[in-house]
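As structure tokens, the structure follows; a few thoughts come after it.
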Amino acid sequence: MSAFTYRQKALAAELIVNVAVLIGFLLYLALCPGSHNFAPLFLFVSWYFPILYGVLKIHTTEDTRTDERDRDFENRGRRDGYGFLSFGVFMLIWLRLDDPISLLNQLLVIWILSRLVANGKQLRLYAGHESWLPDSFRASLRQRTRRRFETRLAEVRAAQANLGPQDEDGKQ
Amino acid sequence: MKTLTYQEKVLYGELIVVIAAAIFYVHFLRVAPPGTYPIKGILLFFALLMFCYRSFHSRRSGDIITDERDTMIDGIGAQWANLVLAIGVASILVMFWEHARPVSVQRMVDHLFYLLMLSIAVRIVRQLVAYRTAL
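These protein sequence lines are chains A and B, in that order. Numbering-wise (the working numbering), the first sequence opens with residue 474 and increments by one. Numbering-wise (the working numbering), the second sequence opens with residue 52 and increments by one.
Below is the structure:
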């Protein structure tokens, strides 16, 4: 943990809090069925914790500056989170649940899960991996793509090479 | 039109699909009685069309290359869309939970549908702007 940078520590803390919020909300649902007046509290904690963490660490001696790499990782994490959230919302529209309370509960669970996906992706990128997929699988995909491009390039070059001598013959 | 890149053409196509889906939903599906329209089929069709077209086309042709700038622009668009969708979902949750007993599922589904379309439109427009400006 001491080898973590400031960004990694913040992301890990956010991930842990979101997991705790998710577990707390599911327990709350299990213990108190029916209408939930305290449900927005979970949303509030999940939303404002990163801001609170930044405020509490305002006098830290760690390097809190962000560079291109941090912004790139943040964008990639949010892209995955957005993909998960939009897919979840689409599935809720698709399923069209009859109970509005159930729909709201599932919407909050999807919202928290999307934040977990975004945090997890960023932590995985900081750990040196390329994506959620195993690195060996990504390498094999890249190799396959490169092979396809090389095949196409070889075809183009072969076509050009076949045209070349004919043109020269024509000139002779 | 000739100055547009492949990525921009795809984005314009997606934007037209989003607008068509929203208009179709508002004019035909929303006013129809529940259970009398193929909402699931329509939504699935548009979703599959939008999310699968780009990857399918790029894999099929095999000569479409994306670089670091495309990835960065994709991330910027997703960041804006994520912000819109997250704030919208949080607003819907707080707004409906404030009443303790939401009015109807249809109203919530309407809000979610408009929000999803809005976030997709924001992503596309932001990417189109980013393609024409310096990053």
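Think of the CB as a built atom: it goes at the ideal place given N, C-alpha and C, for glycine as much as any other residue.
According to the neighbour-count rule (16 or more other Cβ atoms, all chains shown, within 10 Å of its Cβ), is residue i buried or exposed?
{"i": "B/Trp131", "result": "buried"}
{"i": "B/Leu166", "result": "buried"}
{"i": "A/Leu504", "result": "exposed"}
{"i": "A/Arg630", "result": "exposed"}
{"i": "A/Pro573", "result": "buried"}
{"i": "B/Lys60", "result": "exposed"}
{"i": "A/Ala476", "result": "exposed"}
{"i": "A/Arg551", "result": "buried"}
{"i": "A/Asn578", "result": "buried"}
{"i": "B/Phe164", "result": "buried"}
{"i": "B/Ser170", "result": "buried"}
{"i": "A/Leu491", "result": "The sequence given here places Asn at residue 491 of chain A; Leu does not occur at that position. Its Cβ being crowded by 16 or more others within 10 Å, A/Asn491 is buried."}
{"i": "A/Tyr521", "result": "exposed"}
{"i": "A/Phe515", "result": "buried"}
{"i": "A/Glu487", "result": "buried"}
{"i": "A/Ile531", "result": "exposed"}
{"i": "A/Phe498", "result": "buried"}
{"i": "B/Glu65", "result": "buried"}
{"i": "A/Asp608", "result": "exposed"}
{"i": "B/Asp118", "result": "exposed"}
{"i": "A/Leu580", "result": "buried"}
{"i": "B/Val77", "result": "exposed"}
{"i": "B/Leu24", "result": "No information on residue 24 of chain B is available, as it lies outside the stretch 52 to 186 that chain B covers here."}
{"i": "A/Leu626", "result": "exposed"}
{"i": "B/Ala185", "result": "exposed"}
{"i": "A/Val562", "result": "buried"}
{"i": "B/Leu62", "result": "buried"}
{"i": "A/Leu576", "result": "buried"}
{"i": "B/Phe147", "result": "buried"}
{"i": "A/Ala634", "result": "exposed"}
{"i": "B/Ala72", "result": "buried"}
{"i": "A/Asp553", "result": "buried"}
{"i": "A/Ala632", "result": "exposed"}
{"i": "B/Val69", "result": "buried"}
With residue i and residue j assumed to form a contact (beta carbons below 8 Å), what rounded beta-carbon distance in angstroms separates them?
{"i": "A/Leu547", "j": "A/Tyr479", "result": "In the sequence under discussion, the amino acid at residue 547 of chain A is Glu, which differs from the Leu named in the question. 14 Å between Cβ atoms; not a contact."}
{"i": "B/Gly126", "j": "A/Asp545", "result": "7 Å"}
{"i": "A/Pro513", "j": "B/Val145", "result": "5 Å"}
{"i": "A/Leu605", "j": "B/Val140", "result": "Leu is not the amino acid found at residue 605 of chain A; the sequence shown has Trp there. A/Trp605 to B/Val140, Cβ: 23 Å. No contact."}
{"i": "B/Ile143", "j": "B/Met159", "result": "7 Å"}
{"i": "A/Glu623", "j": "A/Arg611", "result": "About 18 Å separates the two Cβ atoms, so there is no contact after all."}
{"i": "A/Lys594", "j": "A/Arg549", "result": "6 Å"}
{"i": "B/Ile124", "j": "B/Gln178", "result": "5 Å"}
{"i": "A/Val528", "j": "A/Val494", "result": "So it is not a contact: roughly 19 Å between Cβ atoms."}
{"i": "A/Ala485", "j": "A/Tyr526", "result": "That belief does not hold up - the Cβ atoms of A/Ala485 and A/Tyr526 are roughly 11 Å apart, past 8 Å."}
{"i": "B/Asp161", "j": "B/Gln58", "result": "The Cβ separation is near 32 Å, so there is no contact."}
Next item on the list: Could you tell me which uninterrupted alpha helix (DSSP H) segments, each at least 4 residues in length, are contained entirely in the segment 527–613 of chain A, listed from first to last along the chain?
Entry: Within the segment 527–613 of chain A, complete alpha helix (DSSP H) segments of at least 4 residues are found at 541–568, 573–599, given in chain order.
Check: In the segment 601–632 of chain A, which residues sit with their C-beta less than 8 Å from some C-beta in chain B, listed in chain order?
Finding: Against chain B - using a Cβ distance shorter than 8 Å - the residues of the segment 601–632 of chain A are Arg621, Phe622, Arg625.
Next item on the list: Would you check if there are 3 or more beta carbon pairs closer than 8 Å linking the segment 129–149 of chain B to the segment 158–174 of chain B?
Entry: Touching, yes.
Checklist line | Near-chain B residues of the segment 556–568 of chain A - C-beta to any C-beta below 8 Å | finding: Within the segment 556–568 of chain A, the residues whose Cβ lies closer than 8 Å to some Cβ of chain B are Gly556, Leu558, Ser559, Val562, Phe563, Leu565, Ile566, Trp567, listed in chain order.
Margin query: Taking contact to mean 3 or more Cβ pairs, one atom from each stretch, closer than 8 Å, check whether the segment 556–571 of chain A and the segment 597–604 of chain A are in contact.
Written below: In the pairwise beta carbon analysis, the segment 556–571 of chain A is classified as not touching the segment 597–604 of chain A: fewer than three pairs are separated by under 8 Å.
Margin query: Assess contact between the segment 543–557 of chain A and the segment 582–592 of chain A, defined as three or more Cβ pairs (one per stretch) separated by less than 8 Å. Is contact present?
Written below: With the cut-off at 8 Å, the segment 543–557 of chain A and the segment 582–592 of chain A touch.
Check: Which residues, in chain order, does the segment 487–499 of chain A contribute to contact with chain B at a C-beta distance below 9 Å?
Finding: Those residues of the segment 487–499 of chain A placed with their C-beta closer than 9 Å to a C-beta in chain B do not exist.
Item checked: the segment 541–552 of chain A: positions lying closer than 8 Å to chain B by Cβ -> Of all residues in the segment 541–552 of chain A, the ones placed with a Cβ closer than 8 Å to any Cβ belonging to chain B are Asp545, Glu547, Asn548, Arg549, Arg551, Arg552, in chain order.
Checklist line | Residues from the segment 156–173 of chain B in contact with chain A, defined by Cβ distance under 8 Å | finding: Cβ contacts with chain A: Val156, Met159, Val160, Leu163, Phe164, Leu166, Leu167, Ser170, Ile171.
Checklist line | Contacting positions in the segment 52–68 of chain B - beta carbon closer than 9 Å to chain A | finding: Listed in sequence order: no entries.
Next item on the list: Using a Cβ-Cβ cut-off of less than 9 Å, give me the residues of the segment 570–596 of chain A that come near chain B, in sequence order.
Entry: Within the segment 570–596 of chain A, the residues whose Cβ lies closer than 9 Å to some Cβ of chain B are Leu570, Asp571, Asp572, Pro573, Ile574, Leu576, Leu577, Leu580, Leu581, Ile583, Trp584, Ser587, Arg588, Ala591, listed in chain order.
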